[in-house]
Amino acid sequence: MTPQTASVPGKIILFGEHAVVYGQPALAAPVHKVQAEATVVDGPVGSGLVIDSPSLNLRLSMAEAATHALVVTAQLVLERAGKPELDASITIRSTIPIAGGLGSGAAVSAALARALSAYLGSPIDQAELSALVYEIEKLHHGTPSGIDNTVICYGRPVYFVRGTAPEVFRVGEAFHLLIADTGVSSPTREAVGGVRKRWERDRQEYDRLFADIGQVARQARQAIETGDLAQLGPLMSRNQAYLRQIGVSSGELERLIDAAETAGAEGAKLSGGGCGGNMIALVAPEHAERIGQALQQAGATRVIHTVVE
Ligand code: PMV
């Protein structure tokens, strides 16, 4: 059969993480500079399906690794195409850092599902791909809101409210972000679980904070759509203040946020699950290099410059 390749971007959450799990809106954008790519080619007769990823350091066969997320992804695609048996070889390459809140897990599953569907002659559209990857996200995260699979599969900035159709939104004027990694790996599942425990102890206070975060996300969408970038930095800082209050910031995140703001960023906040992982800073393009250096001096293990457009 004809070999097929598909690639999908990484992602960041711009506004609304955690509150989105409780029904509030959130905004996310793709990060095209980092990508996951899958290529499917014919395999030797009788080989079955083999998934190989030098960058993730794994080699899986369907028979031996039935519960691995990538194998489950392939199984769902084969079922969808009505082809339970297949001799093929899938190679996955990814430049998306693992466990850094940039959507690595969802992206490799999405790239695999898209390439394998095309290989089987039944291409998958964005909405169906996103629904399929959501099933895989549930294996990783327990109660994911669905925002990661949505932004990665659509490859466009999205406004997301759990349980409703995602809205791709317009970016009135492109803006520049630095994404800096604290180097502290922090599983999203644990951060989400911690928030849930604190919410259960004080629902009234947390529901109020989630509603405040939702309000910031709505205002941010409007500012981005109208190209009113002067609003955006202060909104990021406000969102960060609420994230601090719900207990998902950390010393390392605060150090990077502080360094970015001191070096001239317009605003900064953690992005994703928090308690480690990445932060984002809104920067004027002419200051990006200087602020990037300040982030590195403050301990960032990696800085990515991305443009949301
Ligand atoms: O850690 P990330 O980038 O996968 O983001 C998680 C976002 C949360 O809102 C904390 C959880 C979710 O499922 O939306």
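First residue of the sequence shown: 253, per my numbering; consecutive thereafter.
Where a beta carbon is used, it is the ideal one built from N, C-alpha and C, also for glycine.
For E425, which residues from the same chain have a beta carbon less than 8 Å from its beta carbon, with the 5 sequence-adjacent residues on both sides left out?
The answer, listed in chain order, is G479 and L481.
Check whether the stretch 518-536 and the stretch 406-421 are in contact - that is, three or more C-beta pairs closer than 8 Å.
Counting Cβ pairs under 8 Å, fewer than three are found: no touch.
In this structure, does DSSP put I431 in helix, strand or coil?
Of the three classes helix, strand and coil, the one that applies to I431 here is strand, per DSSP.
If you draw a straight line from the alpha carbon of R450 to that of T402, how long is it in whole angstroms?
About 27 Å.
Could you have a look at G544 and say whether DSSP puts it in helix, strand or coil?
Correct three-state label for G544: helix.
Spatial neighbours of V297 within its chain, please: C-beta separation below 8 Å, excluding the five flanking residues on both sides.
Contacts found: D339.
Using only CA atoms, which one of P336, A358 and S501 lies nearest to K263?
Among P336, A358 and S501, the Cα nearest to that of K263 is on A358.
Going by the beta-carbon positions, is the gap between A367 and V292 smaller than 7 Å?
Cβ distance < 7 Å, so A367 and V292 count as in contact.
Express the C-alpha separation of H392 and E506 in angstroms, rounding to a whole number.
Whole-angstrom Cα-Cα distance: 27 Å.
Tell me, please, whether the stretch 452-466 touches the stretch 539-551 by the rule of three or more beta-carbon pairs shorter than 8 Å.
The stretch 452-466, when compared against the stretch 539-551, does not touch it at the 8 Å Cβ threshold.
Pick helix, strand or coil for F421, following the three-state DSSP scheme.
Three-state DSSP puts F421 in coil, outside helix and strand.
Evaluate I431 with the Cβ neighbour count: other Cβ atoms within 10 Å of its Cβ, from every protein chain shown; 16 or more gives buried, anything less gives exposed.
Result: buried.
Report the rounded CA-to-CA distance for S502 versus A515, giving the unit in angstroms.
Using only the alpha carbons, I get a separation of about 20 Å.
So, A443 versus G525, is the Cβ gap smaller than 7 Å?
Going by C-beta atoms, A443 is nearer than 7 Å to G525.
Is the beta carbon of C527 closer than 7 Å to that of S438?
Yes, these two residues count as a Cβ contact at 7 Å.
For ligand 1, any of its heavy atoms closer than 6 Å to the Cβ of H557?
Answer for H557: no, Cβ out of range of ligand 1.
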